[in-house]
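One structure is given below, encoded as structure tokens.
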Amino acid sequence: MNELLDLVSATARLGGPLALAAMGGLLSERSGVVNIALEGAMLASACACGMVSAATGSTALGLFAGLVAAVIVCLLHALAVLGFRIDHIVSGIAANAVAFGVTGFAIKVAVQRGAELKFTPLPQIVYIACALILPVVIAFMIQRTVFGLRINAVGNSGSKSAEMGVNPIRVRLVALFGCGLLTGLAGAMLVSQPEHFTANMTAGKGFIALAALILGGWRPIPAMIAAFAFGLFDALQIRLQGTPMLGVEVPSQFWASLPYVITLIALAGFLGKSKPPAALGRE
Amino acid sequence: MKLQILIPALVIVAAGCGSGSKAEEPLTNGESKPALTIALVFDEAGRGDKSFNDSAARGLDQVAEELKARTREIDSKSASDYKPNFESLVFDKPDLIIGVGVSMDSALHEAAKANPSQKFALIDMPSRADNVLGVTFKEEEGSFLAGLLAGMTTKSNRVGFVGGKNIPLIKKFEVGFRAGVLTANPNAVVTAKYTEDWSDIQKGKEAALSLYNTGADIVYHAAGRCGLGVINAAKEKGKLAIGVDSDQDHIEPGAVLTSMVKSVDKAVFEAARMVRDGTFKGRTLELGIKEGYIGLSEPKDYTKPLMPNGALEAVEEAKKMISDGALIVPKSEAELASFKPPRLASLQ
């Protein structure tokens, strides 16, 4: 029983940031903007949240700073793809590079000045609740509200939506703003676990969130399930490490790669069925 | 159209801000002789891990201060940066270029072979060229002491290890630790987990939590920045962690039993001093307890109460045996299999 509880809580901690970031990606991609900048937005949020919390001693201010930082990264991406019509992938790579460089520089300066980066975060349960409830809210919003339908419309065809009197740029801007808030929450959740920011601490989680989004067919609840499934496999592999299987010592590299391999297989198996928004990355 | 090129370009320039240089010292140190110039290349981690890289950074700061040298440091964003980083540094012709970390081995040697007159130092890997000083450490010796202390301290007879990557370098930490635990407490079980990542601090914490939740009460780490997650997990669970490379006792006072200190800072300083004194020679140094480069952190008022009586005496005894050559600590699984635990008088 204890072991089960341990596994469930580890799954929630590992899957939560992925689910939140996947929801951010969902808003962005359903409106037609490819967003590989989830990684950079999460990293920026984790850095801002960790550093501001540590500097001010206020978790609320830290969370706010994290949200702002992720929104900035997402709006930078929006400016590039909506304003300057730069290819979505190129802009996403650039946004990630900026986030990586700026957060790396920030921590270096902070460390050289002898800053302590420890802080007391919001309890994990708050973030876990967000990761479970927000996908339901977003599912309702996407299917049942006017704004949700507009996101769908511009995601299918920006030009047709414009003819119907919906400004695609405005809808996408709002969607990317929402994406910033959600990835910001994801980054804040991530940094709240070790209560410490370190350079490049997202370590590819933004891309796994994106994989969960695609695996879930760009639908909120399936994407959330995919994110927590990845968390479950990650929690499992950590627990299985060091235990011989059928008397054979399995190398740790095998276990560590397991969640990624399963994701890859799942993506290869499901991708035929999952259909991206028609205008994704095209406008 | 031009904006489409300009914006990514600006962005890339901004991203490049991650690398900084420190050249506050004037070109001459007051005398007519030009100052020593020392350049150092970090791997993807850079400053801020409170462990391995911060130790190297302390060494560099000391070089700047005590040798009045001009120092320059470069961060690498990925392994593909090592080569261009070395190439651009070679162009500046500093007196010494130091590469910090195993992963730069091939890039550094490539640059060294192409520029035989440039002096290099490489931390954690042996030298393969006449102009490269390879500095390796006997981490297994310090890990043995850490294991000895853990074996004496554990109450649950279960201890854990969290490694960054399952590579021979990190295996030395694990194997030395296992040998130490075995010597102090043959009944204790050691479980090892690897994060397979140096920067994913969340995974470091989860690996440690899984060990603590299955009964371990002490976890030793050699996982770079991931290790900060291990120490946080110890604090959260009210258990103990053992720090690595730098003295990490102060990070969470009372949750860190001791730290296995590997003096990368001293090695960086010595390499620079050798260049200044003209004693630099391409060779491989193996630094351990005997040489004074490996050991446990100084016991402090908040770490001593965590240790059982007589523990420090046993550590001192083992330390003496190792530096006298009476005890050879295993550094691979194969050597561990044939390892005979020594009888320590202070353990009886």
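Which chain is which? The protein sequence lines are S and Z, in order. Taking the numbering used here, the leading residue of the first sequence gets 3, the next gets one more, and so forth. Taking the numbering used here, the leading residue of the second sequence gets 351, the next gets one more, and so forth. Glycine included, C-beta positions come from ideal geometry on N, C-alpha and C.
Query: Chain-ordered residues of the segment 388 to 419 of chain Z with a beta carbon less than 8 Å from chain S; Result: E394, A395, G396, R397, G398, D399 and D404
Query: Distance, N582 of chain Z Cα to G604 of chain Z Cα; Result: 12 Å
Query: Exposure label - E374 of chain Z; buried when at least 16 CB within 10 Å; Result: Because E374 of chain Z carries a pLDDT of 42, less than 50, the predicted location of this residue cannot be relied on, and no value is offered for it.
Query: Chain Z contact for G244 of chain S (CB, 8 Å cutoff); Result: yes
Query: Chain-ordered residues of the segment 196 to 215 of chain S with a beta carbon less than 9 Å from chain Z; Result: P196, E197, H198, F199, T200, A201, N202, M203, T204, A205, G206 and K207
Query: Chain-ordered residues of the segment 167 to 195 of chain S with a beta carbon less than 7 Å from chain Z; Result: L192 and Q195
Query: Min CB distance R241 of chain S to chain Z below 8 Å; Result: yes
Query: Proximity below 8 Å, CB of E41 of chain S to CB of T204 of chain S; Result: yes
Query: Enclosing alpha helix (DSSP H) for R626 of chain Z [first to last residue]; Result: V614 to D627
Query: Proximity to K543 of chain Z [Cα-Cα], best of Z:V482, Z:G513 and Z:F523; Result: Z:G513
Query: C-beta atoms of K433 of chain Z and A457 of chain Z nearer than 8 Å; Result: yes
Query: Spatial neighbours of N537 of chain Z in its chain, beta-carbon cut-off 8 Å, leaving aside the 5 residues before and after; Result: N507
Query: 8 Å Cβ cutoff, I109 of chain S in contact with chain Z; Result: yes
Query: Proximity test, I135 of chain S beta-carbon vs the ligand SAH heavy atom, cut-off 7 Å; Result: Looking at this structure, you won't find the ligand SAH or any other ligand, since it has none at all.
Query: Helix, strand or coil at M203 of chain S [DSSP, three-state]; Result: coil
Query: Contact set for G510 of chain Z: own chain, Cβ-Cβ below 6 Å, skip 5 residues either direction; Result: T541, L561, A566 and V569
Query: Contact set between the segment 543 to 558 of chain Z and chain S, restricted to residues whose Cβ is under 8 Å from the partner; Result: K543, Y544, T545, E546, D547, S549, D550, I551, Q552, K553, G554, K555, E556 and A557
Query: Cβ neighbours of A67 of chain S in the same chain (closer than 7 Å, five flanking residues each side left out); Result: A50, C51 and V54
Query: Buried versus exposed, by CB contacts within 10 Å (16 or more), N481 of chain Z; Result: buried
Query: Length at least 3, wholly inside the segment 417 to 447 of chain Z: the beta strand (DSSP E) runs in chain order; Result: 420 to 424
Query: Beta-carbon neighbours of R575 of chain Z, restricted to chain S and to distances below 8 Å; Result: T200, A201 and M203
Query: Identity of the residue in Z:K585, Z:G492, Z:R633 and Z:T653 nearest E641 of chain Z by Cα; Result: Z:G492
Query: Proximity below 8 Å, CB of E185 of chain S to CB of M3 of chain S; Result: According to the sequence provided, residue 185 of chain S is Thr. The question's Glu does not apply to it. Not closer than 8 Å, so no.
Query: Identity of the residue in S:A14, S:D8, S:R15 and S:C76 nearest V35 of chain S by Cα; Result: S:C76
Query: Contact check, K443 of chain Z vs F630 of chain Z, beta carbons under 8 Å; Result: no
Query: Beta strand (DSSP E) segments (min. 3 residues) lying fully within the segment 522 to 600 of chain Z; Result: 539 to 544, 568 to 572 and 590 to 595
Query: Runs of alpha helix (DSSP H) wholly within the segment 34 to 117 of chain S (minimum 4 residues, chain order); Result: 40 to 58, 61 to 80 and 90 to 114
Query: Beta carbon proximity, S254 of chain S to chain Z, threshold 8 Å; Result: yes
Query: Pairwise C-alpha distance: K585 of chain Z and R284 of chain S; Result: 50 Å
Query: Runs of alpha helix (DSSP H) wholly within the segment 476 to 503 of chain Z (minimum 4 residues, chain order); Result: 489 to 503
Query: Near-chain S residues of the segment 561 to 595 of chain Z (beta-carbon distance less than 7 Å), N- to C-terminal order; Result: N563, R575, L578, G579 and N582
Query: W548 of chain Z and A395 of chain Z closer than 8 Å at C-beta; Result: yes
Query: Backbone secondary structure at M657 of chain Z - three-state DSSP; Result: coil
Query: For G219 of chain S and S159 of chain S, the rounded distance between their alpha carbons; Result: 18 Å
Query: Closest by C-alpha distance to V83 of chain S, when choosing among S:Q114, S:V111, S:A39 and S:R115; Result: S:A39
Query: Cβ neighbours of I153 of chain S in the same chain (closer than 8 Å, five flanking residues each side left out); Result: L29, R32, S33, I144, V173 and A177
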